[in-house]
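J.:
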Amino acid sequence: MAKPNIVIIGGGLAGLINAIVLSKAGFEVTLIERKKYPFNRVCGEYVSNEVLPFLNGLGINPLIMGAAEINTLKVTSVNGNSLNQKLDLGGFGLSRFKLDELLYQKALAYGTKFILETRVHDVTFKNEKFYIALADKQPLQADLVIGSFGKRSNIDQKLNRKFFYQRSPYLGVKYHIKTQFPNNLIQLDNFEGGYCGISKIEDDLYCLCYLTKNSQLKKHGSIPEMEKMVLHKNAHLKHIFLNSDFVWQKPETINEISFEPKTTIENHILMSGDSAGMITPLCGNGMAIAIHSASLLSQCIIKHTAAGITQISRGNLEKEYTQLWQQNFGNRLFVGRSIQRLFGSNTVSNLAVGLLGNLPSVSGYLIGKTHGKGF
Ligand SMILES: Cc1cc2nc3c(=O)[nH]c(=O)nc-3n(C[C@H](O)[C@H](O)[C@H](O)COP(=O)(O)OP(=O)(O)OC[C@H]3O[C@@H](n4cnc5c(N)ncnc54)[C@H](O)[C@@H]3O)c2cc1C
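Plus 21 on top of the position in the sequence shown (first one is 1) and you've got this note's numbering.
#1: Buried or exposed for Val96, please, with buried defined as at least 16 other CB atoms from any protein chain shown within 10 angstroms of its CB.
#2: With a 10 Å radius around its C-beta and 16 neighbouring C-beta atoms as the bar for buried, classify Val268 as buried or exposed.
#3: With hydrogens ignored, establish whether the beta-carbon of Ser20 is closer than 7 Å to any heavy atom of ligand 1.
#4: Going by Cα to Cα distance, which pick from Cys217, Tyr231, Lys340 and Ile222 is closest to Lys119?
#5: With DSSP as the reference, identify every bridge partner of Tyr227, one or two as the case may be.
#6: Taking the continuous alpha helix (DSSP H) assigned at His325, which residues delimit it?
#7: Excluding the 5 residues preceding and the 5 following Ser189 in the sequence, name in chain order all residues of the same chain whose CB lies nearer than 7 Å to its CB.
#8: For the alpha helix (DSSP H) that contains Gln344, what are its first and last residues?
#9: Taking the beta carbon of Arg362 as the centre, do at least 16 other beta carbons fall within 10 Å, making it buried, or is it exposed?
#10: Starting from the Cα of Gly215, find the closest Cα among Asp225, Val194, Gln201 and Thr200 and give me that residue.
#11: Could you have a look at Ala89 and say whether DSSP puts it in helix, strand or coil?
#12: Measure the C-alpha to C-alpha separation of Leu110 and Val356 and round it to an integer number of angstroms.
#13: Express the C-alpha separation of Ala328 and Ile275 in angstroms, rounding to a whole number.
#14: What is the C-beta distance between Ile41 and Leu79, in whole angstroms, given that I count them as a contact (C-beta under 8 Å)?
#15: For the segment 288-301 and the segment 137-154, state whether three or more C-beta atom pairs, one from each stretch, are separated by less than 8 Å.
#16: For Leu232, which three-state DSSP category applies?
#17: DSSP three-state label for Pro160, please.
#18: From which residue to which residue does the beta strand (DSSP E) around Lys24 run?
#19: Looking at the structure shown, is Leu115 part of a helix, part of a strand, or coil, going by DSSP?
#20: Taking just the CA atoms, how far does Gly132 sit from Gly112?
#21: Is Gly351 closer than 8 Å to Gly171 when the C-beta atoms are compared?
#22: Against chain C, does Gln361 count as a neighbour if the rule is that its beta carbon must be under 8 Å from one of theirs?
#23: Measure the C-alpha to C-alpha separation of Lys183 and Arg140 and round it to an integer number of angstroms.
#24: Within 10 Å of its beta-carbon, does Asp225 have 16 or more other beta-carbons around it, so buried, or fewer, so exposed?
#25: For the segment 203-215 against the segment 254-267, are there 3 or more C-beta pairs whose distance is under 8 Å?
#26: Assuming Leu37 contacts Ala128 under a Cβ cut-off of 8 Å, what Cβ separation, rounded to an integer in Å, is found between them?
#27: Using the Cα positions of His257 and Gln162, report the straight-line distance between them to the nearest angstrom.
#28: In chain order, what residues of the same chain have a beta carbon less than 7 Å from the beta carbon of Gly87, not counting five sequence neighbours either side?
#29: Could you tell me whether any non-hydrogen atom of ligand 1 is closer than 7 Å to the CB of Met128?
#30: Mind listing, in chain order, the continuous alpha helix (DSSP H) runs of no fewer than 4 residues lying wholly within the segment 119-193?
#31: For Met185, count neighbouring Cβ atoms within 10 angstroms of its own Cβ and tell me buried if that reaches 16, exposed if not.
#32: Can you tell me whether Leu84 is buried or exposed? The criterion is at least 16 other CB atoms within 10 Å of its CB, across all chains shown.
#33: Just checking, does the segment 225-240 make contact with the segment 166-181 on the three C-beta pairs under 8 Å criterion?
#34: CB of Ser319 to nearest heavy atom of ligand 1: below 7 Å?
#35: If we ignore side chains and look at the alpha-carbon of each, how far apart do Leu155 and Leu43 end up?
#36: Given this structure, state the Cα-to-Cα distance separating Asn39 from Ser316, to the nearest angstrom.
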């Protein structure tokens, strides 16, 4: 029996990794992405080193692309408390502009077919086949569909996913800046209602990315005014804002970011990356989870469809992938949500940073609980 043909919806890290592994294994893979590479996204651009063995195995080395090596975390609170923590595993800083482009070129080289600048409108499943409706193009058919459409997509609404209808208070804002800052440090600065990450990426650039609440933006009327009135109350952050060159005229922004639990399978679509569940950015390893979940899913597909796809093999694939996802990521996402609650208000984050600053073994333990091991 022929290998099933696979359509991947969304070409972020999860979609691109699935495309690379499955195309390399000889599947016919089509990836549909609504944008065109390369492009910027809201993301802190710090990647946990747990992904390096896997990426190196695919012949991908972010360090030769100029990625920064990061091994220290500093967390600050509005009242001036700070804690420093060595990151045992560490990470690297590389812009999504470069990283996604690198993976896109790799997938092309392995034979993935790309349909770019095209939005998937709808996906239906009937008689063991998927029907994928595209904007302004002929519909596609597939034996398997991978949903790697990120935090929130029109497809979530089509699938009636519960989290889509729960309003989320969060807003993400990102800049690339030029500044004076240690190359090996990731700094998390807290402010009322949110936190901001700063770390080195390639060339002479740094990524400055923060998560805040929509209510803060509403209250202050514009992003610059909100930054002045809220973020600048943290002296560390004010110093960065006033002593850096902002490379873009306007920041990248996204809203409605949900950290609620999601399902790994919907109407037989196999969810990968943020579509299956998103860890809070505070933990700095959503990208590692996206890459790892894609690697697990691809291996499951390879294993269960060696003799083609049947109702039974589809059932076994869905069951095993769901178990693997829960075992690997369920607890990390739960701990991430709990830690985020510590950093919602000035008073609690002042206390948390003060307390954890005196208890390096506890902060080390929390970092360990939200991070994985090399895979
Ligand atoms: C403020 C913030 C800061 C963060 N900082 C970090 C960090 O420092 N380190 C870290 O590891 N993680 C961080 N993350 C998390 C990280 O960005 C995500 O976990 C990661 O990008 C998930 O990758 P993905 O492939 O699942 O989704 P994405 O990268 O979001 O890709 C989804 C893709 O699907 C496409 N798409 C959506 N709908 C459709 C459709 N209908 N048709 C076609 N295409 C579609 C989109 O255009 C997009 O390209 C942060 C997140 C936020 C919000």
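Virtual Cβ for every residue (Gly too), placed ideally from N, Cα, C.
T.: This is what the structure gives:
#1: Residue mapping note: residue 96 aligns to position 75 of the sequence shown, counting from 1. It is buried - the Cβ of Val96 has at least 16 other Cβ atoms within 10 Å.
#2: As a working note, residue 268 is residue 247 in the sequence shown. Answer is exposed; the Cβ neighbour count stays below 16.
#3: With the chain running from 22 to 396 in the structure shown, residue 20 is simply not present.
#4: Stepping through the sequence shown from its first residue, residue 119 is reached at position 98. Comparing Cα-Cα distances from Lys119 to each of Cys217, Tyr231, Lys340 and Ile222, the minimum goes to Ile222.
#5: Position 206 of the sequence shown, counted from the first residue, corresponds to residue 227. DSSP lists Ile198 and Lys221 as the beta-bridge partner residues of Tyr227.
#6: To locate residue 325, count along the sequence shown from 1; it is residue 304. Here the alpha helix (DSSP H) through His325 covers Gly307 to His325.
#7: Taking the sequence shown and counting its residues from 1, one reaches residue 189 at position 168. Contacts found: Glu277, Ile278 and Ser279.
#8: One-based indexing of the sequence shown puts residue 344 at position 323. That run of the alpha helix (DSSP H) goes Gln332 to Trp346.
#9: Stepping through the sequence shown from its first residue, residue 362 is reached at position 341. Exposed.
#10: Start at 1 with the first residue of the sequence shown, and residue 215 comes out as number 194. Residue Val194 is the option with its Cα nearest to Gly215.
#11: Residue mapping note: residue 89 aligns to position 68 of the sequence shown, counting from 1. Ala89: strand per DSSP, three-state reduction.
#12: The residue labelled residue 110 in the question sits at position 89 within the sequence shown. The residue labelled residue 356 in the question sits at position 335 within the sequence shown. Using only the alpha carbons, I get a separation of about 19 Å.
#13: Here the question's residue 275 lines up with position 254 in the sequence shown. Here the question's residue 328 lines up with position 307 in the sequence shown. Each residue's alpha carbon lies about 42 Å from the other.
#14: Locating residue 41 in the sequence shown gives position 20, counting from the first residue. Locating residue 79 in the sequence shown gives position 58, counting from the first residue. The pair is a contact, with the Cβ atoms about 6 Å apart (cut-off 8 Å).
#15: Yes: the two stretches touch, three or more of their Cβ pairs being nearer than 8 Å.
#16: Here residue 232 refers to the residue found at position 211 when the sequence shown is read from its first residue. Note: Leu232 maps to strand in three-state DSSP.
#17: What you label residue 160 is simply residue 139 of the sequence shown in a count that begins at 1. Secondary structure of Pro160 (DSSP, three-state): strand.
#18: Walking along the sequence shown from the start, residue 24 turns up at place 3. From DSSP, Lys24 is part of no beta strand (DSSP E); its letter is neither H nor E.
#19: As a working mapping, residue 115 is identified with position 94 in the sequence shown. In the displayed model, Leu115 falls within coil according to three-state DSSP, outside both helix and strand.
#20: Start at 1 with the first residue of the sequence shown, and residue 112 comes out as number 91. Start at 1 with the first residue of the sequence shown, and residue 132 comes out as number 111. The straight-line gap from Cα to Cα measures roughly 30 Å.
#21: On the sequence shown, residue 171 is found 150 positions in, with the first residue counted as 1. On the sequence shown, residue 351 is found 330 positions in, with the first residue counted as 1. Remark: C-beta atoms of Gly171 and Gly351 do not approach each other more closely than 8 Å.
#22: Annotation note: the requested chain C is absent from the structure, which comprises a single protein chain.
#23: Position 162 of the sequence shown, counted from the start, is the residue given in the question as residue 183. Position 119 of the sequence shown, counted from the start, is the residue given in the question as residue 140. Lys183 and Arg140: Cα-Cα distance of roughly 22 Å.
#24: By 1-based counting over the sequence shown, the position of residue 225 is 204. The C-beta of Asp225 has fewer than 16 other C-beta atoms within 10 Å across all chains shown, which makes the residue exposed.
#25: Output reads yes: the segment 254-267 touches the segment 203-215.
#26: The sequence position of residue 37 within the sequence shown is 16, counting from 1. The sequence position of residue 128 within the sequence shown is 107, counting from 1. Taking a contact as a CB-CB distance under 8 Å, the pair Leu37 and Ala128 counts as one, their CB atoms being some 6 Å apart.
#27: The residue you call residue 257 lines up with position 236 of the sequence shown. The residue you call residue 162 lines up with position 141 of the sequence shown. One Cα belongs to His257, the other to Gln162, and the distance between them is close to 53 Å.
#28: Residue mapping note: residue 87 aligns to position 66 of the sequence shown, counting from 1. Around Gly87, the same chain offers Glu223 and Asp224 as residues with beta carbons nearer than 7 Å, after the five sequence neighbours per side are excluded.
#29: As a working mapping, residue 128 is identified with position 107 in the sequence shown. Reading off the sequence, residue 128 comes out as Ala, not Met. For ligand 1, no non-hydrogen atom lies closer than 7 Å to the CB of Ala128.
#30: If only complete runs of 4 or more residues are kept, the segment 119-193 shows the alpha helix (DSSP H) at 175-179, in order along the chain.
#31: Numbered from 1 along the sequence shown, position 164 holds the residue referred to as residue 185. The question names Met, but residue 185 in the sequence shown is Phe. Residue burial is scored here from C-beta neighbours: Phe185 has at least 16 other C-beta atoms within 10 angstroms and is therefore classed as buried.
#32: Here residue 84 refers to the residue found at position 63 when the sequence shown is read from its first residue. Using a 10 angstroms sphere on the CB of Leu84, the tally of other CB atoms stays under 16, which defines it as exposed.
#33: Remark: fewer than three beta-carbon pairs, one from each stretch, lie closer than 8 Å, so the segment 225-240 and the segment 166-181 are not flagged as touching.
#34: The count along the sequence shown starts at 1 and reaches residue 319 at position 298. No, Cβ of Ser319 sits at least 7 Å from all heavy atoms of ligand 1.
#35: As a working mapping, residue 155 is identified with position 134 in the sequence shown. As a working mapping, residue 43 is identified with position 22 in the sequence shown. Using only the alpha carbons, I get a separation of about 22 Å.
#36: Counting from one through the sequence shown, the residue named residue 39 turns up at place 18. Counting from one through the sequence shown, the residue named residue 316 turns up at place 295. Asn39 and Ser316: Cα-Cα distance of roughly 7 Å.
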